[in-house]
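Protein chains in written order, with our numbering: chain C, 1 to 339; chain E, 1 to 557.
Note that the Cβ used here is the ideal one computed from N, Cα and C, for glycine as well.
Beneath this line is the structure, given in structure tokens, with notes to follow.
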Amino acid sequence: MVLKKSVLALAGLMAATHMFAAKESITVYTALESDQVKPYLEAFKKAQPDIDVKIVRDSTGIITAKLLAEKENPQADVVWGTAATSLVLLEQNGMLEPYAPASLKHIDAKFKDTKTPPAWVGNDVWGSAICVNEVEAKKQNLPIPTSWEDLTNPVYKGKIVMPNPASSGTGFLDVTAWLKIFGEQKGWEYMDKLHDNIGQYTHSGSKPCKMAASGEFPIGISFEYRAAKSKKEGAPIAVVFPKEGLGWDLEATAIMKGTKNLKTAKTFVDWATGEDANKLYAENFAVVAYQGLSKPIEFIPSNYASMLIDNDFAWSAKNRDAILKEWSKRYESKSEPKK
Amino acid sequence: MRSVWEDSNRLLLSALTLLLTLGLCVIILAPLVQILAQSFFDAAHRFVFLDNFIDYLTHEKSLRLIRNSLFVALTSTLIVVPTAFGFAYALMRSRMPFKPFFRYISFLPLLAPSLLPAISFVYLFGHQGFFKPWMGGGTIYGAWGIVLGECFYVFPHIVMIFLSALSLSDARLYEAAQSMGASSLKKFFTITLPALKYALVSATLVSFTLVVTDFGVPKVIGGDFSVLATEIYKHVIGQQNFALGATVGILLLVPSVVTFLIDSLVQRKQKAVLGSKFVLYVPKKAPIFDTVMFIFALWVALFFLIVLGVAFFASFVKFWPYDLSLVLKHYDFSSMDGGGWDSYLNSLTLAFWSALLGTIAVFTTAYVVERGKVFPPLRAFLKLLALLPMAVPGLVLGLGYIFFFNHPHNPLNALYQTMGILVVCTVAHFFTASFITATTTIKQIDDEFEDVAESMGVACYETFFKVIVPIATPSILHIARYFFVNAMTTVSAVVFLYAPSTTLASVAVLNMDDAGDISSAAAMASLIVATSLGITLLFDALSHFALKQSQQWRKTR
């Protein structure tokens with residue numbers, strides 16, 4: 001009896017502390033770049049000083065895997081700035097809480113879930129870009145590539161790095177883009193040829209461009225934000241947008257079903273999809289979801305939007321597992337020790 | 001009167017023994033049992049016994065990983081064991097100058113996370129490295145980069161084994177050989193080497209195990225060359241496939257357990273070598289030999305200093321390799337992965353608590369095991385528990401902690417995702433080496449102290465705090481330093497356990513390298529080395545002071 005009482009008291013105490021914590025804080029999973037998260041969060045803190053946001057940041061693949069693994073016992077309240085492909089996948093698993101944020105009518109129809117209320121809402125478009133180190137290219141007599149096809153030229157053998165699509169959202173959008181541009185069979189043939197030129201597959205989508213910037217590998221397949229930023233910081237790189245078209249995905253936001261902090265989560269999502277946040281996204285990305293806020297970005301061409309390929313998030317989400325399995329079978333088991 | 005004291009002493013010791021046994025069961029045994037059990041279940045929680053292993057081992061890819069791990073471990077061992085032997089030999093058997101300096105240098109790698117040598121080798125031998133022209137078209141990314149990094153990381157552990165083995169050589173044997181006119185070479189092969197055979201076995205096994213279970217080096221410099229240790233990380237972090245992680249983890253446990261068993265067998269045999277009339281060997285002057293040894297040691301020391309120095313230097317370079325001006329901006333971690341300066345502060349917190357609680361736990365356990373006088377079988381079991389962590393790779397321990405502490409029915413579940421679990425895990429991970437140090441020290445303290453104290457009716461804790469602890473202070477400081485430094489540098493166990501509010505400096509190095517911010521990774525790694533070095537010097541000074549105090553105590557006696 002005494003034991004039972006004390007257990008109850010303890011449970012009550014824990015519930016009380018939990019409620020107290022719930023009033024103030026939410027856990028947000030994100031695949032946004034670390035150097036973006038900081039200013040974004042500072043802005044949020046200014047708008048909502050009473051909400052403490054705990055950020056779990058990692059590459060898209062890891063965030064996705066983590067969320068799927070925690071399906072029975074979700075730890076995240078909100079997923080923010082994570083590939084729409086991944087959010088569609090979560091939705092297909094019944095893991096998202098549909099919510100119509102305050103600014104929904106301002107969001108471009110292409111950049112949100114079609115259902116009402118939508119399961120997820122986009123923030124901005126991020127897409128492929130190639131970083132080519134001009135100093136090293138000159139030193140090693142490498143032509144500057146202009147297309148995806150160019151990258152299979154044997155002169156680039158061992159000179160190219162790209163992100164591993166299993167861990168990196170940027171890697172995955174490249175792979176799906178090649179399957180779309182060249183067709184399924186030709187797409188894999190293309191990657192076979194490209195694989196011969198790859199020096200290394202990296203964990204994150206930023207690393208290839210950073211490696212290209214420092215000349216460690218002359219060519220890095222990356223994405224336009226990192227490319228433009230590295231160039232702005234003085235890296236001797238040319239930013240190449242391949243002429244066949246650019247793979248892309250949306251950084252998007254959603255509420256996790258089963259969150260114990262639904263109200264706070266909604267407040268955060270209202271902000272993250274609202275005008276102020278989109279203005280911040282527009283500093284980094286040429287195309288943002290909130291209509292009328294997109295503006296040109298240095299080193300990104302003005303016709304950027306027209307270079308994006310047709311995308312089908314549902315298709316990418318449904319085939320994600322199969323594509324990654326095939327990719328891993330082809331290229332992970334082939335990478336023998338290089339001596 | 002006396003029997004009351006005795007009774008209360010017994011009661012106290014019994015309670016302590018039980019408490020410590022229970023504690024070590026929770027922090028060491030239970031997580032291991034949990035991961036072992038986990039490896040017998042499939043993803044849908046069905047019992048499949050050995051199917052996971054059979055499944056895993058029949059994949060062509062797994063066999064390649066095992067081959068890769070074996071190749072790297074064997075090659076590193078073949079390089080590092082003779083080199084470390086030569087270095088230890090130079091320290092113990094020559095009269096080369098600057099010996100204390102060389103000894104310090106050889107222990108430097110212990111102060112750095114294993115990621116640091118890998119980062120340095122990228123700067124040294126990468127495509128933009130200092131020595132790139134010497135590489136002749138080869139690449140550092142892959143097997144050879146891993147081997148180089150591991151040699152740096154494993155070296156001090158092996159040197160220590162040889163140093164202690166060489167210090168056991170009996171001078172009388174050499175004198176006898178000398179009087180019979182044996183040449184130096186003959187003496188080396190008939191006296192020195194045979195006496196070292198057990199140390200050679202230990203060194204080989206320890207080196208092999210350390211390399212097989214390390215994942216810091218292959219993660220940074222392995223490129224697309226995967227090994228078993230990086231594979232666990234990929235399964236668990238990359239795909240959240242804990243079941244497969246457990247399976248690979250158990251595979252990694254095999255070499256560690258074998259090493260542990262053979263090593264303890266060898267240790268037992270080695271004791272018999274020591275006779276009571278032992279005379280310490282003192283090397284004689286031999287100009288040519290001394291010079292050769294000096295030059296050799298100088299090369300090794302130079303290699304170590306370059307590896308550490310490069311990471312340190314690179315952390316200040318503005319934009320490698322195009323703008324070599326020196327700046328501090330890579331030490332601003334605020335826009336980087338890994339948690340920034342908070343992680344550094346978290347690491348300090350972790351190191352402080354691990355040192356404090358770990359030292360208390362280890363020293364009490366050692367005292368109870370050696371001098372407890374109650375429940376002999378339970379104390380034997382407690383000793384076994386204390387020795388167990390030596391046989392468990394960090395990755396496996398960390399994974400076991402996830403399974404055990406994140407279990408919804410575990411009342412300790414609240415510890416999960418806190419600093420508490422990191423401290424507990426770090427204490428458990430580095431328990432054994434400290435425990436052996438503590439046991440050795442306590443063994444050297446005459447047990448008549450306790451007998452006298454007991455006959456005078458002094459409570460056992462009074463004897464413990466007024467006699468044992470003061471005498472053992474240098475050894476206690478040594479243990480605290482060991483915990484502190486390891487808590488700063490470790491990656492393997494804690495990489496599975498940190499939470500958004502408890503990110504760690506060593507893990508931040510890994511995450512920043514993953515994101516491509518290698519200069520900042522080098523900066524954080526340098527920060528860890530500087531901190532560890534500072535703490536080491538501080539503790540050495542304290543220890544020196546304590547020794548002086550205890551010497552004084554001997555004088556007044």
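Against chain C, does residue i count as a neighbour if the rule is that its beta carbon must be under 7 Å from one of theirs?
{"i": "His45 (chain E)", "result": "no"}
{"i": "Gln34 (chain E)", "result": "no"}
{"i": "Trp320 (chain E)", "result": "yes"}
{"i": "His127 (chain E)", "result": "yes"}
{"i": "Glu394 (chain E)", "result": "In the sequence as presented, Glu is not what sits at residue 394 (chain E); that position holds Gly. For Gly394 (chain E), the answer is no, since every Cβ of chain C falls outside 7 Å of its Cβ."}
{"i": "Asp337 (chain E)", "result": "yes"}
{"i": "Gly420 (chain E)", "result": "no"}
{"i": "Ala118 (chain E)", "result": "no"}
{"i": "Ala515 (chain E)", "result": "yes"}
{"i": "Gly238 (chain E)", "result": "yes"}
{"i": "Pro500 (chain E)", "result": "yes"}
{"i": "Gly223 (chain E)", "result": "yes"}
Is it buried or exposed for residue i, if we count other Cβ within 10 angstroms and need 16 for buried?
{"i": "Asn73 (chain C)", "result": "exposed"}
{"i": "Gly94 (chain C)", "result": "exposed"}
{"i": "Ile479 (chain E)", "result": "buried"}
{"i": "Val279 (chain E)", "result": "exposed"}
{"i": "Ala366 (chain E)", "result": "buried"}
{"i": "Trp144 (chain E)", "result": "buried"}
{"i": "Asp58 (chain C)", "result": "buried"}
{"i": "Arg379 (chain E)", "result": "buried"}
{"i": "Trp248 (chain C)", "result": "buried"}
{"i": "Leu96 (chain C)", "result": "buried"}
{"i": "Gly136 (chain E)", "result": "exposed"}
{"i": "Arg46 (chain E)", "result": "exposed"}
{"i": "Tyr281 (chain E)", "result": "buried"}
{"i": "Leu324 (chain E)", "result": "exposed"}
Would residue i and residue j be called neighbours here (beta carbons separated by less than 7 Å)?
{"i": "Val161 (chain C)", "j": "Thr273 (chain C)", "result": "no"}
{"i": "Leu547 (chain E)", "j": "Pro474 (chain E)", "result": "yes"}
{"i": "Asn311 (chain C)", "j": "Asp77 (chain C)", "result": "no"}
{"i": "Gly340 (chain E)", "j": "Ser334 (chain E)", "result": "yes"}
{"i": "Gly394 (chain E)", "j": "His429 (chain E)", "result": "yes"}
{"i": "Val266 (chain E)", "j": "Ile119 (chain E)", "result": "no"}
{"i": "Phe241 (chain C)", "j": "Met191 (chain C)", "result": "no"}
{"i": "Asp290 (chain E)", "j": "Ser114 (chain E)", "result": "no"}
So with Cβ pairs under 7 Å, would you call residue i a contact of chain E?
{"i": "Ser34 (chain C)", "result": "yes"}
{"i": "Gln200 (chain C)", "result": "yes"}
{"i": "Ser206 (chain C)", "result": "yes"}
{"i": "Ser167 (chain C)", "result": "yes"}
{"i": "Ser230 (chain C)", "result": "no"}
{"i": "Ala69 (chain C)", "result": "yes"}
{"i": "Val78 (chain C)", "result": "no"}
{"i": "Ala21 (chain C)", "result": "Unreliable placement is indicated for Ala21 (chain C), whose pLDDT of 46 sits below 50; no coordinate value is reported for it."}
{"i": "Glu216 (chain C)", "result": "yes"}
{"i": "Lys38 (chain C)", "result": "yes"}
{"i": "Lys54 (chain C)", "result": "yes"}
{"i": "Lys210 (chain C)", "result": "yes"}
{"i": "Lys260 (chain C)", "result": "no"}
{"i": "His203 (chain C)", "result": "yes"}
{"i": "Ala31 (chain C)", "result": "no"}
{"i": "Ala65 (chain C)", "result": "yes"}
Which one or two residues does DSSP pair with residue i in a beta bridge?
{"i": "Ser25 (chain C)", "result": "C:Asp52"}
{"i": "Met256 (chain C)", "result": "C:Leu96"}
{"i": "Glu251 (chain C)", "result": "C:Ala83 and C:Asp124"}
{"i": "Cys131 (chain C)", "result": "C:Gly220 and C:Val239"}
Terminal residues of the continuous beta strand (DSSP E) containing residue i?
{"i": "Lys285 (chain E)", "result": "Here Lys285 (chain E) belongs to no beta strand (DSSP E), and DSSP marks it neither H nor E."}
{"i": "Lys318 (chain E)", "result": "Val317 to Phe319"}
{"i": "Ile160 (chain C)", "result": "Ile160 to Pro163"}
{"i": "Asp323 (chain E)", "result": "Asp323 to Leu326"}
Need the endpoints of the alpha helix (DSSP H) that residue i sits in, please.
{"i": "Ala177 (chain E)", "result": "Ala171 to Ser179"}
{"i": "Tyr344 (chain C)", "result": "No statement about residue 344 (chain C) is possible, as the shown extent of chain C runs from 1 to 339 and does not include it."}
Please find out if some non-hydrogen atom of the ligand NAP comes closer than 6 Å to the beta-carbon of residue i.
{"i": "Asn511 (chain E)", "result": "Although the ligand NAP was asked about, the structure shown includes no ligands whatsoever."}
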